[in-house]
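Chain order of the listed sequences is A and B.
Per the numbering used here: the first sequence = residues 1 to 240.
Per the numbering used here: the second sequence = residues 241 to 516.
Built from N, CA and C at the ideal position, the CB exists for glycine as well.
The structure under discussion appears below in the form of structure tokens.
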Amino acid sequence: MSTDYRISDLMTCVIANLLKDRETVFHGVSSQLPMVAMHLAKNMHAPNLVHLNIPGGVNPSSIKQSSFSSAGADLVDKSESYFPLDEIFDLSMRGKLDVAFLGGIQFDINGNVNASVIGDYNKPKVRLPGGAGSAVLIPTAKKAIIWRTKHDKRTFVKEVDFKTTRGNLWKIVTPLCVFVYKNGQLQLDSIHPHTTIEEVQENTAFPLIYDHITYTELPTKAQLQKLKIIDPYDYRSVEF
Amino acid sequence: MSKQLTLQEAVSSVANGSRLALGGNVLHRAPMAFVRELTRQKKKDLKLVKTAGAHDIDLLCAVDAVSVVDAGFVSYETVYGLPPHYRNSVQTGKVKANEHACYTVISALRGASTNVPFMPVNGLKYGDLIDKNDYFLVVEDPFTKEPVTLVRSIFPDVAIIHVHACDEEGNAIIEGPKYEDILMSRAAERVIITTEQILPSHAMKQYKDRIDIPGFLVSNIVKAPNGAKPTACYKKYDVDEKALRSFLKFKTQDEIYQWVDQYSNSDHSGKRRTFA
Numbered sequence: 001m002s003t004d005y006r007i008s009d010l011m012t013c014v015i016a017n018l019l020k021d022r023e024t025v026f027h028g029v030s031s032q033l034p035m036v037a038m039h040l041a042k043n044m045h046a047p048n049l050v051h052l053n054i055p056g057g058v059n060p061s062s063i064k065q066s067s068f069s070s071a072g073a074d075l076v077d078k079s080e081s082y083f084p085l086d087e088i089f090d091l092s093m094r095g096k097l098d099v100a101f102l103g104g105i106q107f108d109i110n111g112n113v114n115a116s117v118i119g120d121y122n123k124p125k126v127r128l129p130g131g132a133g134s135a136v137l138i139p140t141a142k143k144a145i146i147w148r149t150k151h152d153k154r155t156f157v158k159e160v161d162f163k164t165t166r167g168n169l170w171k172i173v174t175p176l177c178v179f180v181y182k183n184g185q186l187q188l189d190s191i192h193p194h195t196t197i198e199e200v201q202e203n204t205a206f207p208l209i210y211d212h213i214t215y216t217e218l219p220t221k222a223q224l225q226k227l228k229i230i231d232p233y234d235y236r237s238v239e240f
Numbered sequence: 241m242s243k244q245l246t247l248q249e250a251v252s253s254v255a256n257g258s259r260l261a262l263g264g265n266v267l268h269r270a271p272m273a274f275v276r277e278l279t280r281q282k283k284k285d286l287k288l289v290k291t292a293g294a295h296d297i298d299l300l301c302a303v304d305a306v307s308v309v310d311a312g313f314v315s316y317e318t319v320y321g322l323p324p325h326y327r328n329s330v331q332t333g334k335v336k337a338n339e340h341a342c343y344t345v346i347s348a349l350r351g352a353s354t355n356v357p358f359m360p361v362n363g364l365k366y367g368d369l370i371d372k373n374d375y376f377l378v379v380e381d382p383f384t385k386e387p388v389t390l391v392r393s394i395f396p397d398v399a400i401i402h403v404h405a406c407d408e409e410g411n412a413i414i415e416g417p418k419y420e421d422i423l424m425s426r427a428a429e430r431v432i433i434t435t436e437q438i439l440p441s442h443a444m445k446q447y448k449d450r451i452d453i454p455g456f457l458v459s460n461i462v463k464a465p466n467g468a469k470p471t472a473c474y475k476k477y478d479v480d481e482k483a484l485r486s487f488l489k490f491k492t493q494d495e496i497y498q499w500v501d502q503y504s505n506s507d508h509s510g511k512r513r514t515f516a
């Protein structure tokens with residue numbers, strides 16, 4: 001256990017701990033934090049994890065050149081083989097993608113994800129980037145993991161403005177807690193050691209569902225040391 | 241007749257109102273020289289198709305050249321933030337954003353490449369995208385009677401693809417990731433290639449195993465060295481961070497046209513029909 005960590009380190013380690021050896025795992029664009037988490041898992045407890053990405057580089061040996069992009073050619077340059085986006089989607093449709101990392105701007109207690117608009121779809125107040133692969137991957141990947149570096153009442157809302165998708169959502173990792181999607185509801189899985197249940201509730205617009213409070217595992221010293229090696233330029237913190 | 245055109249000639253051949261499939265992905269190998277020339281020639285009512293776009297779509301929206309965008313994702317990468325001009329155009333109703341799921345763009349282009357009117361999509365099962373968009377439809381599978389979602393095929397008039405090298409016939413090689421470019425070349429009515437370099441045909445024969453787009457599919461080629469800048473082109477140049485950051489600060493169309501003009505010499509440098 002270590003206390004010398006930042007929230008980006010904690011989130012990266014939490015996500016790495018969710019990944020298992022031999023799983024096929026995909027991340028998209030603007031996804032540096034999960035990309036680093038995948039490499040952390042691969043370098044620690046999941047050496048045979050299969051790293052899939054948009055440009056199509058299977059298991060890139062290094063992610064150190066992905067300075068501005070998690071969808072760049074460097075991932076192909078350092079890869080074992082080529083398996084591009086269209087094939088990854090097909091793989092997920094066949095039920096053979098284990099984990100997909102996806103984003104989103106709003107989430108509600110029923111597990112709905114909004115990555116599309118704030119306001120009306122045809123005349124939006126805010127046009128968001130769009131769900132990218134979410135609307136087909138969240139229903140078909142075995143486990144969809146969402147990470148979001150903001151945790152406030154505008155993010156965790158009573159009801160999303162627009163339902164981009166729902167489905168096999170498994171976990172949502174935030175700077176304050178981890179949600180798990182169970183029995184059709186977003187439930188509290190664990191809260192991070194630096195927060196309190198009151199703080200999480202104050203920043204969540206729907207009532208938190210939990211039996212008892214569990215604290216998120218802290219990053220280990222070994223994880224933090226490994227992070228310095230695999231992510232020396234701290235891409236995991238670009239969203240902070 | 242030679243397929244090689246100047247950038248200005250190639251862009252002139254694109255009619256207002258055309259549906260354009262743009263190659264590359266987000267900040268990688270977007271056909272920016274061609275896109276900038278579209279803005280110089282003040283093209284209007286363009287309908288853009290791409291799984292994930294960024295600067296290309298944002299720039300065309302900034303000069304009101306666009307009426308419809310079919311895409312799964314439009315944004316710069318995390319460090320550059322959201323696309324201000326695209327957002328503004330959609331929020332003010334100038335541009336219709338047809339949100340897809342990336343895969344449904346791929347499926348819609350696959351439909352076009354095999355000339356069928358729609359494609360079934362397995363994964364699109366829930367949510368408002370199906371209800372709000374007329375290009376998605378849930379029907380009963382005639383064989384199993386189960387519900388199945390269809391996406392209407394998208395038939396681009398022109399695919400614009402920036403490549404590393406091609407010969408005079410348009411036999412083209414893309415180094416590194418291909419993104420959806422090969423599919424676009426099969427789905428579009430016409431294919432225009434912009435290229436870092438043009439090789440003589442006898443030289444290209446040595447690389448024939450690596451050709452991604454055969455020349456017979458290609459209508460025209462344009463020599464456009466640095467034609468993806470300020471986006472990245474694998475092994476040639478990385479993203480031009482400074483250029484993107486200055487672009488993202490612009491508020492007026494004048495600023496944007498001036499910025500586009502700074503690229504004119506470079507964009508128009510490939511006009512001579514020489515090998516290099």
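Rounded straight-line distance, which links the Cα of residue j to that of residue i
{"i": "A/Thr165", "j": "B/Lys448", "result": "43 Å"}
{"i": "B/Gln493", "j": "B/Lys282", "result": "12 Å"}
{"i": "A/His45", "j": "A/Asp21", "result": "7 Å"}
{"i": "A/Met11", "j": "A/Pro175", "result": "7 Å"}
{"i": "B/Tyr343", "j": "A/Thr204", "result": "32 Å"}
{"i": "A/Leu128", "j": "A/Val117", "result": "5 Å"}
{"i": "A/Lys210", "j": "B/Pro465", "result": "Per the sequence presented here, residue 210 of chain A reads as Tyr, with Lys not at that position. Approximately 59 Å between the Cα atoms of the pair."}
{"i": "B/Val479", "j": "A/Asn53", "result": "19 Å"}
{"i": "B/Val379", "j": "A/Lys182", "result": "29 Å"}
{"i": "A/Gly57", "j": "B/Lys334", "result": "38 Å"}
{"i": "B/Ala516", "j": "A/Lys42", "result": "Caution is warranted here: a pLDDT of 43 is assigned to B/Ala516, below 50, making its placement in the model unreliable, and the coordinate value is therefore given only provisionally. Spanning the two alpha carbons is a distance of roughly 44 Å."}
{"i": "A/Pro84", "j": "A/Pro55", "result": "6 Å"}
{"i": "A/Tyr82", "j": "A/Val136", "result": "22 Å"}
{"i": "B/Lys475", "j": "B/Ala270", "result": "15 Å"}
{"i": "A/Leu169", "j": "A/Trp147", "result": "11 Å"}
{"i": "B/Asp507", "j": "B/Leu247", "result": "8 Å"}
{"i": "B/Ala250", "j": "B/Glu415", "result": "23 Å"}
Min CB distance residue i to chain A below 9 Å
{"i": "B/Ala341", "result": "yes"}
{"i": "B/Ala516", "result": "Per-residue confidence for B/Ala516 stands at a pLDDT of 43, beneath the threshold of 50, marking its modelled position as unreliable; no derived number is given."}
{"i": "B/Ala337", "result": "yes"}
{"i": "B/Arg430", "result": "no"}
{"i": "B/Pro323", "result": "yes"}
{"i": "B/Gly351", "result": "no"}
{"i": "B/Val479", "result": "yes"}
{"i": "B/Ile346", "result": "yes"}
{"i": "B/Lys475", "result": "yes"}
{"i": "B/Lys372", "result": "yes"}
{"i": "B/Val308", "result": "no"}
Same chain only: Cβ atoms within 8 Å of residue i, ignoring 5 sequence neighbours per side
{"i": "B/Ile346", "result": "Thr291, Glu420, Leu423"}
{"i": "B/Pro357", "result": "Gly351, Arg392, Ser393"}
{"i": "A/Lys163", "result": "Asn112, Val113, Asn114"}
Neighbour flag for residue i against chain B, beta carbons, 9 Å
{"i": "A/Met35", "result": "no"}
{"i": "A/Glu202", "result": "no"}
{"i": "A/Phe101", "result": "no"}
{"i": "A/Gly104", "result": "no"}
{"i": "A/Arg148", "result": "no"}
{"i": "A/Phe107", "result": "no"}
{"i": "A/Thr140", "result": "yes"}
{"i": "A/Val238", "result": "yes"}
Where residue i meets chain A, residues with beta-carbon distance less than 7 Å
{"i": "B/Phe313", "result": "Val29, Pro129, Gly130, Ala132"}
{"i": "B/Asn265", "result": "Ile54, Ala71"}
Cβ neighbours of residue i in the same chain (closer than 6 Å, five flanking residues each side left out)
{"i": "B/Asp298", "result": "Pro323, His325, Tyr326"}
{"i": "A/Ser8", "result": "Arg236, Ser237, Phe240"}
{"i": "B/Ser315", "result": "Leu322, Pro323"}
{"i": "A/Val126", "result": "Ile118"}
9 Å Cβ cut-off: residues of chain B touching residue i
{"i": "A/Met93", "result": "Tyr343, Val361, Asn362, Gly363"}
Residue i: contacting residues in chain A (beta-carbon distance under 8 Å)
{"i": "B/His268", "result": "Pro55, Ser69, Ala71, Gly72, Ala73"}
{"i": "B/Lys418", "result": "Gly56, Pro84"}
{"i": "B/Arg327", "result": "Val126, Arg127"}
Interface residues of chain B facing residue i [CB-CB closer than 7 Å]
{"i": "A/Gln32", "result": "Thr318"}
{"i": "A/Phe162", "result": "Asp368"}
{"i": "A/Gly184", "result": "Those do not exist, as A/Gly184 stays about 12 Å from chain B at its closest Cβ, beyond 7 Å."}
Own chain partners of residue i with C-beta closer than 7 Å, once the 5 adjacent residues on each side are dropped
{"i": "A/Thr149", "result": "Pro175, Glu239, Phe240"}
Residues that residue i contacts on chain A, provided the C-beta gap is smaller than 9 Å
{"i": "B/Gln437", "result": "In chain order: nothing, as chain A lies at least about 18 Å away."}
{"i": "B/Gly333", "result": "Asn122, Lys123"}
Partners in chain B for residue i, counting only beta-carbon separations shorter than 8 Å
{"i": "A/Phe26", "result": "What A/Phe26 touches in chain B: nothing, since even the nearest Cβ is about 12 Å away."}
{"i": "A/Ser116", "result": "Glu339, Asp368, Leu369"}
{"i": "A/Arg166", "result": "Tyr366, Gly367"}
Residue-level contact to chain E via CB, residue i, 9 Å cutoff
{"i": "A/Leu137", "result": "Among the chains of the structure shown, chain E does not appear; the protein chains present are A and B."}
| Are three or more beta carbon pairs between the segment 213-232 of chain A and the segment 437-445 of chain B nearer than 8 Å? | The segment 213-232 of chain A is not in contact with the segment 437-445 of chain B.
| message | Quick check: the segment 207-221 of chain A against the segment 21-40 of chain A, are at least 3 beta-carbon pairs closer than 8 Å? | response | Fewer than three beta-carbon pairs drawn from the segment 21-40 of chain A and the segment 207-221 of chain A are found closer than 8 Å, and the two stretches are therefore not classed as touching.
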